[in-house]
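In the working numbering, the protein residues as written are 606 to 857. Backbone N, C-alpha and C define an ideal beta-carbon position, used for all residues, glycine too. Owing to the predicted nature of the structure, the values given are computational and were not obtained by experimental measurement. Only one structure is covered here, and it is reproduced in the block below.
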């Protein structure tokens with residue numbers, strides 16, 4: 606492995622995350638996506654989970670740590686197009702002893718391997734690139750730009766890939782997105798036949814506009830959209846709940 610890595614302690618059952626020292630790195634978005642996705646997972650019975658565009662596995666490993674704490678019956682498949690990121694992703698699976706439950710594939714989500722194309726999932730989640738190429742804040746790191754920037758139709762491609770793998774009616778697609786792109790993401794959901802069922806805005810504090818939005822939906826007609834209570838990143842008690850505690854309810 607040629608990339609220079611750092612090792613982060615996730616604070617759950619000894620779980621760790623290796624990631625590139627430079628480039629796109631695990632952060633609040635990944636933690637929130639894992640927390641939000643966990644709230645959507647049925648508490649009974651086996652569950653199949655798919656992540657699109659996993660990177661080095663920040664959100665996926667956080668989610669797996671929560672699932673392991675709950676002793677959940679789950680299987681998780683992860684798809685990442687970048688070979689170096691996927692190599693790190695596989696290292697994270699191995700280091701956290703998740704190999705019997707979590708599998709990583711180096712693939713384009715438009716051409717997923719047979720093992721995924723032949724499976725329907727209860728949950729699909731993603732932190733898709735939302736800036737189009739040439740827009741947004743540029744980085745000197747090519748891999749970081751790739752993680753943040755996609756083609757004009759990237760959100761559509763992610764939504765269509767998710768829709769193709771969801772169990773009809775009950776399967777849930779969950780994403781985290783920059784609030785400036787929430788309208789575009791809603792359109793991508795609708796074009797893919799996914800109706801938005803849950804929206805949760807995330808604010809830096811009570812004085813500023815929402816920075817990101819957590820969104821979930823299903824391939825089901827007449828789905829009611831519910832706006833969930835907002836998260837404020839400067840609310841220490843709330844953030845402690847998100848980082849440290851488990852859900853006592855389900856958002857969907």
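(1) Which partner residues does residue 681 have in the DSSP bridge list?
(2) Should residue 782 be labelled buried (16 or more other beta-carbon atoms within 10 Å of its own) or exposed?
(3) For the alpha helix (DSSP H) that contains residue 802, what are its first and last residues?
(4) Hey, could you find the ends of the beta strand (DSSP E) residue 597 is sitting in?
(5) Residue 819 lies in the beta strand (DSSP E); which residues open and close that run?
(6) Hey, could you find the ends of the beta strand (DSSP E) residue 778 is sitting in?
(7) By Cβ distance, which residues of its chain are closer than 7 Å to residue 673, with the 5 residues on each side in sequence left out?
(8) Look up residue 837 in the DSSP assignment and give the residues it is bridged to.
(9) Just checking my contact of residue 622 with residue 662 at CB under 8 Å: how many whole Å lie between their CB atoms?
(10) Give me whichever residues DSSP pairs with residue 763 in a beta bridge.
(11) With burial defined as no fewer than 16 other Cβ atoms inside 10 Å of the residue's Cβ, what is the status of residue 624: buried or exposed?
(12) Assuming residue 710 and residue 683 are in contact, meaning their beta carbons sit under 8 Å apart, how far apart are those beta carbons, in whole angstroms?
(13) Per DSSP, residue 596 forms a beta bridge with which residues?
(14) Could you compute how far the alpha carbon of residue 806 sits from the alpha carbon of residue 787?
Looking at the atomic coordinates:
(1) Taking the first residue of the chain shown as 1, we reach residue 681 at position 76. In DSSP, residue 681 forms a bridge with 654, 707.
(2) Here residue 782 corresponds to residue number 177 of the chain shown, with the count starting at 1. With 16 or more Cβ atoms within 10 Å of its Cβ, residue 782 is classed as buried.
(3) Stepping through the chain shown from its first residue, residue 802 is reached at position 197. It is not in any alpha helix (DSSP H) - residue 802 instead sits in the beta strand (DSSP E) that spans 800-808.
(4) No statement about residue 597 is possible, as the shown extent of the chain runs from 606 to 857 and does not include it.
(5) The count along the chain shown starts at 1 and reaches residue 819 at position 214. Note, residue 819: beta strand (DSSP E), 817-823.
(6) Indexing the chain shown from 1 puts residue 778 at position 173. Unbroken beta strand (DSSP E) run through residue 778: 777-783.
(7) Working through the chain shown from its first residue, we reach residue 673 at position 68. If we look at residue 673 and ignore the five residues flanking it on each side, its Cβ neighbours are 618.
(8) In the chain shown, counting from the first residue as 1, residue 837 sits at position 232. The partner list for residue 837 (beta bridge, DSSP) reads 808.
(9) Within the chain shown, numbered from 1, the residue matching residue 622 stands at position 17. Within the chain shown, numbered from 1, the residue matching residue 662 stands at position 57. Right, their Cβ atoms sit about 7 Å apart.
(10) Within the chain shown, the letter at position 158 stands for residue 763. Paired residue(s): none; residue 763 is not in a bridge.
(11) Counted from its first residue, the chain shown places residue 624 at position 19. The residue in question, residue 624, is buried, as its Cβ has 16 or more Cβ neighbours within 10 Å.
(12) Walking along the chain shown from the start, residue 710 turns up at place 105. Walking along the chain shown from the start, residue 683 turns up at place 78. Rounded, the Cβ-Cβ distance is 7 Å, consistent with contact.
(13) This structure leaves residue 596 out entirely; the chain is present only between 606 and 857.
(14) As a first step, residue 806 is located in the chain shown; it is residue number 201 there, counting from the start. As a first step, residue 787 is located in the chain shown; it is residue number 182 there, counting from the start. Answer to the nearest angstrom: the Cα atoms are 10 Å apart.
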